[in-house]
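Protein chains in written order, with the working numbering: chain A, 476 to 975; chain B, 76 to 243.
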């Protein structure tokens with residue numbers, strides 16, 4: 476009951492005129508970021524983070540989270556109209572969304588995509604409302620060993636769930652940890668890995684890494700692939716919207732399943748991209764029309780979009796309640812909390828009620844606003860996409876440079892951003908995942924602190940990570956996640972024998 | 076995507092050679108991390124594990140996984156799959172070189188003038204737009220940035236001699 480009261484307080488915060496305005500601006504910016512190549516949720520939020528320094532933390536998080544919702548919505552527009560996924564999690568949407576557009580059913584596909592996104596997000600927000608306070612209350616009892624266990628679980632799931640070869644994920648992730656370690660060591664107060672360079676005293680800021688890896692790297696990949704936007708016009712009129720809405724309830728089962736997949740994948744840091752693929756794959760296998768998937772089946776749009784948006788939203792649950800972000804964008808939001816002087820983690824629910832519940836309430840409102848904005852403004856956003864690359868690319872580069880500079884008012888950071896950009900381009904082309912690297916840069920210090928405090932308590936014995944039921948369970952789950960590919964291999968091999 | 080679209084035409088560095096390069100670079104990076112960790116101590120001190128303790132093992136993990144990745148590339152039969160055609164890499168350089176010059180110029184002439192030059196160069200050189208459109212966008216974007224950042228949000232951006240001359 477207490478949660479309901481808190482939620483209503485949150486709504487009172489979220490519907491203040493300034494916050495509503497911030498919400499609409501955030502959604503609009505987010506959709507633009509989502510449709511433009513080279514700008515995604517994570518680096519879009521990172522670039523715009525400095526603009527929130529002068530706002531109250533609640534307005535700031537509402538603006539940034541709405542940029543995130545906008546980016547999630549925006550990815551679908553490019554996938555359907557241009558067959559170019561604006562975001563990695565919209566790749567699966569192109570499979571059926573673009574064929575629909577080619578058959579002249581773009582309006583139907585977009586309506587289905589937006590509505591599914593909305594349903595997925597709503598499901599995830601309700602889940603966050605109900606579950607996050609419980610998780611936070613539970614996590615308040617965590618000691619350093621349990622905290623480390625949670626980080627361990629998060630990073631192991633990355634390795635086990637990743638589509639990339641596991642050792643590429645490990646390499647990328649550990650480079651992130653190494654970069655996080657550079658600078659002042661918070662426990663001993665010693666400088667490390669700076670090799671005498673004063674620029675490295677403060678270490679590598681992950682916002683710079685995000686802007687470089689995802690922003691500059693993405694532009695380099697786009698230019699190499701020679702992107703041109705050729706696609707049909709986008710007409711959405713109210714008639715198409717209502718006709719599509721009338722069809723959608725038929726796919727309630729696909730929708731529900733995708734919501735569950737999305738929430739599950741979003742909480743474990745596997746993220747929105749695998750969630751959308753998995754949801755599409757299962758829908759294809761289960762559906763009566765499975766063989767028509769890939770030729771413009773509306774169910775093939777519903778499944779990935781619902782899962783992607785549910786996962787994207789659910790990624791905020793561990794960020795809010797445990798201080799462990801479930802996606803790179805959630806990591807950037809977590810970085811924002813630190814900059815505004817809030818300590819992410821379970822204490823937020825005790826000490827910053829207005830902030831937490833204002834954010835949760837804004838998720839409900841933001842997604843309603845988002846749905847209305849995207850349904851009404853599709854032609855506008857499609858027009859932005861037709862701005863030639865030689866105009867939009869330098870503008871994005873300028874915005875990235877400004878974003879990198881404003882993090883610490885340092886021109887050295889702009890140079891670092893460019894270096895990260897080249898590194899991001901090479902890693903991406905060689906199949907190294909970037910998300911674990913970014914999360915490791917964000918969480919490296921905290922994970923290390925928890926690890927060293929645990930070891931200090933146990934006088935160096937690793938047994939502390941298996942010293943009680945709770946921490947053993949978390950660590951055990953981590954190990955299962957880490958070796959999941961091997962375990963599932965063994966299971967599938969055992970199954971036919973069991974059937975014999 | 077890469078397999079079909081990067082046909083054998085045009086030539087270019089092979090995917091294999093780039094992957095080997097990346098794995099070796101990672102191994103070198105790991106050695107730097109390990110060396111830096113050893114400098115500050117990797118053992119047990121008064122406050123528990125010393126500052127270099129965790130980075131040392133992180134460095135070892137990078138070294139180990141890059142060796143595995145290198146082994147995986149080397150053990151595959153050598154194929155002709157290319158990383159990108161020279162023409163495509165030329166396009167990448169056509170963005171990277173002006174951006175590097177832009178980044179290098181920012182501390183000297185400020186971000187505004189550098190941005191005007193960057194946008195103008197891109198539009199004129201890559202897009203071949205007429206000068207009036209080039210001028211409108213290359214001056215308009217930095218002006219908008221100035222209004223949004225310095226006037227509305229009070230975030231100072233780096234400025235150079237021209238802004239100083241104008242009294243900012």
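All residues carry an ideal CB built from backbone N, CA and C; glycine is no exception. Every value quoted in this text rests on a predicted model; they were computed, and no experiment measured them.
* Could you give the distance in angstroms between the alpha-carbon of residue 679(A) and the alpha-carbon of residue 916(A)? -> 8 angstroms
* Asked: residue 582(A) and residue 715(A): beta carbons closer than 9 angstroms?
  -> yes
* In the DSSP assignment, find the alpha helix (DSSP H) that holds residue 149(B) and state where it starts and stops. => 128-150
* Return the first residue and the last residue of the alpha helix (DSSP H) that residue 749(A) is part of. => 747-761
* So, using beta-carbon positions, are residue 729(A) and residue 761(A) closer together than 9 angstroms? -> yes
* **residue 770(A): first and last residue of the uninterrupted alpha helix (DSSP H) it sits in** => Element bounds for residue 770(A): n/a, residue is neither H nor E.
* Hey, how far is the Cα of residue 490(A) from the Cα of residue 731(A)? -> 29 angstroms
* Asked: Is it buried or exposed for residue 950(A), if we count other Cβ within 10 angstroms and need 16 for buried?
  -> buried
* If we cut at 9 angstroms on Cβ distances, does residue 166(B) have a partner in chain A? -> yes
* When DSSP labels each residue in this structure, what does residue 181(B) get in the three-state scheme? -> helix
* Mind checking whether residue 517(A) and residue 797(A) have CB atoms under 9 angstroms apart? -> no
* To do: Compare the C-beta of residue 656(A) against all C-beta atoms of chain B and say whether one is closer than 9 angstroms.
  => yes
* Asked: Who are the near neighbours of residue 711(A) in its chain, counting only those whose CB is closer than 7 angstroms to its CB and skipping five residues on each side?
  -> 582, 585, 586, 850 and 853
* Between residue 773(A) and residue 726(A), is the Cβ-Cβ spacing less than 9 angstroms? -> yes
* Validate contact between the region 670-689 of chain A and the region 150-159 of chain B using beta carbons, cut 8 angstroms, 3 pairs -> no
* residue 909(A) and residue 800(A): beta carbons closer than 9 angstroms? -> no
* Buried or exposed: residue 974(A), going by 16 or more other Cβ atoms within 10 Å of its Cβ? -> With a pLDDT of only 47 at residue 974(A), under the threshold of 50, the placement of this residue in the model should not be trusted; the figure read from the coordinates follows. With fewer than 16 Cβ atoms within 10 Å of its Cβ, residue 974(A) is classed as exposed.
* Backbone CA spacing between residue 501(A) and residue 668(A) [nearest angstrom] -> 39 angstroms
* Asked: Of all the CB atoms in chain B, is at least one closer than 9 angstroms to the CB of residue 848(A)?
  -> no
* Taking 9 angstroms as the CB-CB limit, is residue 975(A) close to chain B? -> Interpretation of residue 975(A) is limited by its pLDDT of 46, a score under 50 that renders its predicted location unreliable; the figure taken from the coordinates is listed afterwards. False, the Cβ-Cβ gap to chain B never drops below 9 angstroms.
* To do: Pull out every residue of the region 932-960 of chain A whose Cβ sits closer than 9 angstroms to any Cβ of chain B, in chain order.
  => 932, 934 and 935
* Inspect the beta-carbon positions of residue 632(A) and residue 733(A) and report whether they are closer than 9 angstroms. => no
* Asked: Thinking C-beta only, is residue 628(A) closer than 9 angstroms to residue 938(A)?
  -> no
* If we call anything under 9 angstroms between Cβ atoms a contact, is residue 492(A) one with residue 882(A)? -> no
* For residue 245(B), which residues does DSSP report across the bridge? -> Because residue 245(B) is not part of the residues shown, which for chain B are 76 to 243, the question remains open.
* Nearest-angstrom Cα distance between residue 876(A) and residue 511(A)? -> 17 angstroms
* Asked: Just checking my contact of residue 527(A) with residue 811(A) at CB under 8 angstroms: how many whole Å lie between their CB atoms?
  -> 7 angstroms
* Should residue 965(A) be labelled buried (16 or more other beta-carbon atoms within 10 Å of its own) or exposed? -> exposed
* Starting from the beta carbon of residue 626(A), find every residue of chain B whose beta carbon is closer than 7 angstroms, and list them in chain order. => The premise fails here: residue 626(A) is roughly 12 angstroms from chain B at the closest Cβ pair, so nothing lies under 7 angstroms.
* Between the CA atoms of residue 193(B) and residue 175(B) - distance to the nearest angstrom -> 10 angstroms
* Pick helix, strand or coil for residue 83(B), following the three-state DSSP scheme. => Confidence at residue 83(B) is low in this model, with a pLDDT of 46, below 50, so the placement of that residue should be treated as unreliable; the coordinate-derived value is given next. It is coil, neither helix nor strand.
* Asked: Per DSSP, residue 542(A) is paired with what?
  -> Answer is none; residue 542(A) lacks a bridge partner.
* Identify the continuous alpha helix (DSSP H) that holds residue 989(A) and give its terminal residues. => Residue 989(A) falls outside the range modelled here, since chain A spans only 476 to 975, and no answer is possible.
* When the Cβ atoms of the region 98-112 of chain B are set against those of the region 131-139 of chain B, are three or more pairs found closer than 8 angstroms? -> yes
* Asked: Below 9 angstroms between beta carbons: does that hold for residue 497(A) and residue 534(A)?
  -> yes
* Asked: What is the DSSP secondary structure of residue 658(A), reduced to helix, strand or coil?
  -> strand
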